[in-house]
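Working notes, structure below.
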Amino acid sequence: MKIFKVLIIIILFASLPYSAYPVVISVIDSGLEVNNSFIKDRVWRNYSEIADNEIDDDLNGYIDDLFGWNFVRDNNMVFDERFRGFFNQDHERFINLQTKVANDTTTVEEIAWLKQKSRDRKFITEVMAYGNYIHGTHVAGIVVNKSAANQIEALKIIETSVRQGPTTREEFLNSPESKDLRVSYQMGLERGLQGLALVKYMLYRFVNQQMAQMARVIHYVDVTHAVVANASFGTEYSAASKMVLMLYKIFLQETPSASDLKFATGYFFDQVLTRGQEIFGKASRTLFVFAAGNDSSDNDIYPASPTNLRLDNTIAVAALDSNTTYGSDRLAKFSNFGKSNVDVVAPGVSVVSSIPENKLLAVSGTSQAAPFVSNIAGEVLNLNPLLSPQQVKQIIIGTVDVRLSLRGLVASSGVVNKDRAMLAAKYSKNYPLKQAILMAKEDLKSMPPIRTARRLSQQLDFVLPLVSEFSIMNI
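Following the numbering used here, the numbering of the sequence shown begins with 70 at its first residue and continues without gaps.
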């Protein structure tokens, strides 16, 4: 009888009436190869703009924004063509071998090659740049994978650069990236500030400058009516702490006490999250999906941005130690977590998706888990466009497969279930939301995960770090 009921539900899904109206999902990332063969038919097109006439036809403040906008260079080139053909097979192989490491299929020669390359600073800088180059297109591929109506709006906020960052104090002070910090430092001195007070002043100005740019990005999301926005970027506590330490050593030429370092880092997040709540909260028609972070931290203790915003229209995603929802019941080793500040878990290890130049690549990270949830959010809205961001969030959280192993690690204690979320969305057209979720849970029972003795992410030596929304941290 149970098998018959499951078959009925599968048939029901096959006959679901999908809306013709596209579900626009902003991918706020490193850019998107819009003509990529795997996703080109799913790229959002702004038909209010006439191509290449150099006129702001829709009067939204952005000229010829056909597919989105490049907020790094303030133009409509949402993909960095400068690097097409720059990266070679070694860069791709380095990331590809991480998948083999996770699956325990590497040879002795491949392990030796990885160790050798890991000691090459120039090569690792290039690998990081390669990660930025492919990141947005990889994320976008997950957003539209097997979706009925999801369309990608490309918003580029992360630069691709193969330039090695400064290695000395003098190099940093003479770099263009330090200009605003130098100005803030001088202004602080003129106000008679020193020590912790001076660092706080520099952080305050830095956050305001950087978040002003983020406000432009979120405003664009709002005016283009994107109903979901994927944000696979962020600043983890460890990265922020390193930045604060850098300010002390470079500008004050001293090492802070542990208590001052902790206080200043906490102050940084207080400022970022306060401004972020204001900025992201203004786009109240959009559900923002955040990657939880990749440094294995508890976000309840060590905050991260923007994932710790905790608004009604935001959802934070940790990474499952698998590339499917049923492949594991454990978090990936690298994944951040938080009973109060992370909501759900989604596949995040060895996830295959599109990359530039019409290729596919397996990549690991919460950056891959977040778009899995964005994909579900789009499908939910396709089935019931009248749902608010808060209701979509409620469906995604309310339809998870609860796992005992995830209790205390994320708020829902569970792994997202796409089929159940879609069924709840369908039922929500005729029933109250809570009842629709209960009906979906009753019709589609949780399936136990396929348990593996080996943890896939255990051996991963290299996971692309979450790229920060703050430019100075990406040097």
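The C-beta atom is built at its ideal place from N, Cα and C for all residues, glycine as well.
Note that the structure is predicted; figures quoted are calculated from it, not measured.
From R188 to E239, what does the alpha carbon distance come to, in whole angstroms?
Rounded to the nearest angstrom, the two C-alpha atoms are 25 Å apart.
- If you follow the alpha helix (DSSP H) that S443 is part of, which residue opens it and which one closes it? Start and end: 435-452.
Q) What residue range is occupied by the uninterrupted beta strand (DSSP E) comprising P458? A) Looking at the DSSP string, P458 is not in any beta strand (DSSP E); the run it does join, the alpha helix (DSSP H), is 458-467.
**Message:** To test your reading of the DSSP string, which unbroken alpha helix (DSSP H) runs of 4 or more residues are found completely within the stretch 290-354?
**Reply:** Counting only runs of 4 or more, we get 306-316, 327-351.
Exercise for review: Leaving out five residues on either side along the sequence, give the residues of the same chain with a beta carbon under 6 Å from the beta carbon of F320.
Suggested key: Closer than 6 Å at Cβ, skipping near neighbours: Y254.
Hey, quick one: how far does the beta strand (DSSP E) through Q98 stretch, first residue to last? One detail in the question is off: residue 98 reads as Asp in this sequence, not Gln. Where D98 is concerned, the enclosing beta strand (DSSP E) stretches over 92-98.
Review point. Do the stretch 412-432 and the stretch 473-487 make contact, defined as three or more Cβ pairs closer than 8 Å?
Key: Under the 8 Å Cβ criterion, the stretch 412-432 counts as touching the stretch 473-487, having at least three qualifying pairs.
- Task: Go through the stretch 357-440 residue by residue and report every complete run of the beta strand (DSSP E) that reaches 3 residues or more, in order.
- Result: You should have 383-389, 413-416, 420-424, 428-432.
### Query
N382 and P458 look like a contact to me (Cβ under 8 Å); what is the Cβ gap, rounded to whole Å?
Indeed they touch by this definition, with Cβ atoms about 4 Å apart.
* **Local Cβ density within 10 Å of Y116, reported as buried at 16 or more and exposed below that** => Residue burial is scored here from C-beta neighbours: Y116 has fewer than 16 other C-beta atoms within 10 angstroms and is therefore classed as exposed.
In the DSSP assignment, find the unbroken alpha helix (DSSP H) run with W182 in it and report its ends. It spans 177-187 - the alpha helix (DSSP H) in which W182 sits, taken as one unbroken run.
Exercise for review: Pull up the distance between the alpha-carbon of A438 and that of V92, whole angstroms please.
Suggested key: Looking at the two C-alpha atoms, the distance is approximately 20 Å.
Under the three-state reduction of DSSP, which class applies to G137: helix, strand or coil?
In this structure, G137 counts as strand in the three-state DSSP scheme.
Check your understanding: Between L400 and A385, which are expected to be in contact by the criterion C-beta below 8 Å, what is the C-beta distance as a whole number of angstroms?
Key -> Not really, about 13 Å apart at Cβ, beyond 8 Å.
Item to complete: Look at the alpha carbon of L450 and the alpha carbon of M516, and state the distance between them as a whole number of angstroms.
Response: Looking at the two C-alpha atoms, the distance is approximately 25 Å.
- Would you call the stretch 197-207 and the stretch 148-161 touching, i.e. three or more CB-CB distances under 8 Å? Taking a cut-off of 8 Å on C-beta distances, the stretch 197-207 touches the stretch 148-161, as three or more cross pairs fall below it.
task: Check the DSSP bridge columns for V268 and list the partner residues they point to.
output: Paired residue(s): none; V268 is not in a bridge.
Whole angstroms are fine: how far does the CA of S374 sit from the CA of N129? Rounded to whole angstroms, N129 to S374 spans 28 Å at the Cα level.
#### Entry: CB-CB length for I193 against I287, believed under 8 Å
The C-beta distance from I193 to I287 rounds to 32 Å, too long to fall under 8 Å, and the pair is not in contact.
For this session: Using alpha carbons as the reference points, say which of V213, S391, F163 lies closest to S106.
Result: The candidate whose alpha carbon is nearest that of S106 is V213.
query: Is the number of C-beta pairs between the stretch 302-309 and the stretch 355-372 that are closer than 8 Å three or more?
result: A contact exists between the stretch 302-309 and the stretch 355-372.
| Would you report the Cα separation of P518 and N405, rounded to the nearest angstrom? | Whole-angstrom Cα-Cα distance: 21 Å.
**Message:** Report the CB separation of S95 from F302 in whole angstroms; it is logged as a contact under 8 Å.
**Reply:** Rounded, the Cβ-Cβ distance is 12 Å, inconsistent with contact.
Cβ pair count under 8 Å reaching 3, the stretch 134-141 against the stretch 217-225: Put simply, the stretch 134-141 touches the stretch 217-225. At least three CB pairs are less than 8 Å apart.
Q.
Considering only DSSP beta bridges, list what V471 is partnered with.
A. According to DSSP, which records beta bridges pairwise, V471 is partnered with G483.
**OP:** Could you give the DSSP three-state label for I506: helix, strand or coil?
**Re:** I506: helix per DSSP, three-state reduction.
Between V471 and G407, what straight-line distance do the alpha-carbon atoms span, to the nearest angstrom?
Roughly 16 Å separates the two Cα atoms.
Cut-off 6 Å between Cβ atoms - residues of its own chain near E179, not counting five sequence neighbours on either side:
Cβ neighbours of E179 beyond the five flanking positions: L166.
- [ ] Return the first residue and the last residue of the beta strand (DSSP E) that L224 is part of.
- [x] Unbroken beta strand (DSSP E) run through L224: 219-225.
ask   = How about the stretch 388-396 and the stretch 318-337: do they share at least three Cβ pairs that are nearer than 8 Å?
value = No, the stretch 388-396 is not in contact with the stretch 318-337.
* Asked: Does DSSP put V112 in a helix, in a strand, or in coil?
  -> Here V112 sits in strand by DSSP.
TODO: Enumerate, from N- to C-terminal direction, the unbroken alpha helix (DSSP H) stretches of 4 or more residues contained entirely within the stretch 237-288.
DONE: DSSP runs (the alpha helix (DSSP H)) wholly in the stretch 237-288: 238-242, 248-259.
Report task. Taking A446 and V313 to be in contact with their CB atoms under 8 Å, please state how far apart those CB atoms are, rounded to whole angstroms. Result -> That pair is no contact at about 34 Å.
**Status (buried if at least 16 other CB within 10 Å, exposed otherwise) for P245** = Looking at its Cβ environment, which holds fewer than 16 other Cβ atoms inside 10 Å, P245 is exposed.
*What residues in its chain sit with their C-beta under 6 Å from that of M508, if we drop five residues either side in the sequence?*
Within the same chain, M508 has close Cβ partners Y496.
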